[in-house]
Amino acid sequence: MVDYILLVLVGFIAGVINVVAGGGSLLTLPMLIFLGLPPNIANGTNRIAIIIQNIFAVKGFQSKGINTYPFSVYIAIPATIGAIIGAFAGVKIEGELFNKILGIIMLVIVAYMVFKPKASTKDTLERITGKHFWLSMVAFFFVGLYGGFIQAGVGFVILVLLSSINQFSLVKSNAVKVTVVLIYSLAAVAVFAYNDSINWKYGLILSVGNAAGGWVMSRWSVDKGDKFVKKVLIIMVLAMAIKLWFPDFYSILASQILDLF
350 MVDYILLVLV
360 GFIAGVINVV
370 AGGGSLLTLP
380 MLIFLGLPPN
390 IANGTNRIAI
400 IIQNIFAVKG
410 FQSKGINTYP
420 FSVYIAIPAT
430 IGAIIGAFAG
440 VKIEGELFNK
450 ILGIIMLVIV
460 AYMVFKPKAS
470 TKDTLERITG
480 KHFWLSMVAF
490 FFVGLYGGFI
500 QAGVGFVILV
510 LLSSINQFSL
520 VKSNAVKVTV
530 VLIYSLAAVA
540 VFAYNDSINW
550 KYGLILSVGN
560 AAGGWVMSRW
570 SVDKGDKFVK
580 KVLIIMVLAM
590 AIKLWFPDFY
600 SILASQILDL
610 F
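For the sequence shown, the positions run 350 to 610 when this note's numbering is used.
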């Protein structure tokens, strides 16, 4: 019962983080491994919670009047193709070097968010046709490739792509993100299930917390607006980069704080 309560609590926090920024899987994956799942099965199990979380998040955004169709479905098609390829790799492969490379990508994203020049009024119009549409289609194939492989941190990349290529607000980018991830995750789960790499009980219990966090944050982020999302995004990207480069940093920090008491 204690394990189940931990899964729900961590799932809730991850759902909040995933919807407003990204990187919640950096909490859920270690928790699943801590509870005894092999890394590849933890990777597959985590996708169940991601799917249910994003169903609630999509409905949460829609309840606030944020509708991303049909654009989100269009870019989900190449993302799904990429996710199928990535998931077959994710069943067996996980490398420390890849985490370090991802850490560098996270820092680049922070720099982009902090130093990106403010767009003029004429540049704030959404760009979802012509070359920008096709550029998004290509970019989201690679998004799906990584998302199918390991998922953690893919939200950061999606937010940067949508805000830069398509000029979406961060709030709308989050709404598109949860829709795309929901669609391609269905294909990724099918691959993991085919390879018997899912613990369904843990996945469904974890999804209770993820779904609650996703629903709450999808509605709250719309009310708070882009400035709030940007602040949370920067904090989470930095936290994720530190975790990727220095895996023991937070455990050492926690032990030192406890020693003070």
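Backbone N, C-alpha and C define an ideal beta-carbon position, used for all residues, glycine too.
- For Gly-435, the uninterrupted alpha helix (DSSP H) segment begins and ends at 420 to 439.
- Under the DSSP assignment, Arg-396 falls in the alpha helix (DSSP H) whose first and last residues are 388 to 412.
- Shown here, Gly-552 sits in a helix according to DSSP, grouped into three states.
- In this structure the segment 490 to 510 touches the segment 428 to 436; the number of beta carbon pairs closer than 8 angstroms is three or more.
- Contact between the segment 388 to 396 and the segment 502 to 518 is not established, with fewer than three Cβ pairs separated by less than 8 angstroms.
- Leaving aside the five residues that flank Phe-489 on each side, the residues in its chain whose CB is nearer than 6 angstroms to its CB run, in chain order, Ile-424, Pro-427, Ala-428.
- Counting only the Cα atoms, Leu-609 lies some 10 angstroms from Ala-603.
- Gly-409 and Ala-561 have their C-alpha atoms roughly 10 angstroms apart.
- Taking 9 angstroms as the cut-off, the beta carbon of Val-530 is found closer than this to the beta carbon of Ile-399.
- In the structure shown, Thr-377 adopts helical secondary structure according to DSSP, grouped into three states.
- Sequence-distant Cβ neighbours of Gly-373 in its own chain, meaning closer than 6 angstroms and more than five residues away, are Ala-363, Ile-366, Asn-367.
- Judged by beta-carbon spacing, Leu-381 lies within the 9 angstroms limit of Ala-391, meaning their Cβ atoms are closer than that value.
- DSSP places Thr-528 inside the alpha helix (DSSP H), whose first and last residues are 519 to 543.
- When the beta-carbon positions are compared, Lys-521 and Gly-504 stay at least 9 angstroms from each other.
- If you look at Ala-363, you'll find it in the alpha helix (DSSP H) that goes 351 to 369.
- Annotated as proximal: Gly-360 and Leu-555, with beta-carbon spacing under 9 angstroms.
- A check of alpha carbon separations from Val-506 across Asn-544, Ile-532, Ile-453, Thr-478 identifies Ile-453 as the nearest.
- Assignment of Gly-558 by DSSP, reduced to helix, strand and coil, places it in the helix class.
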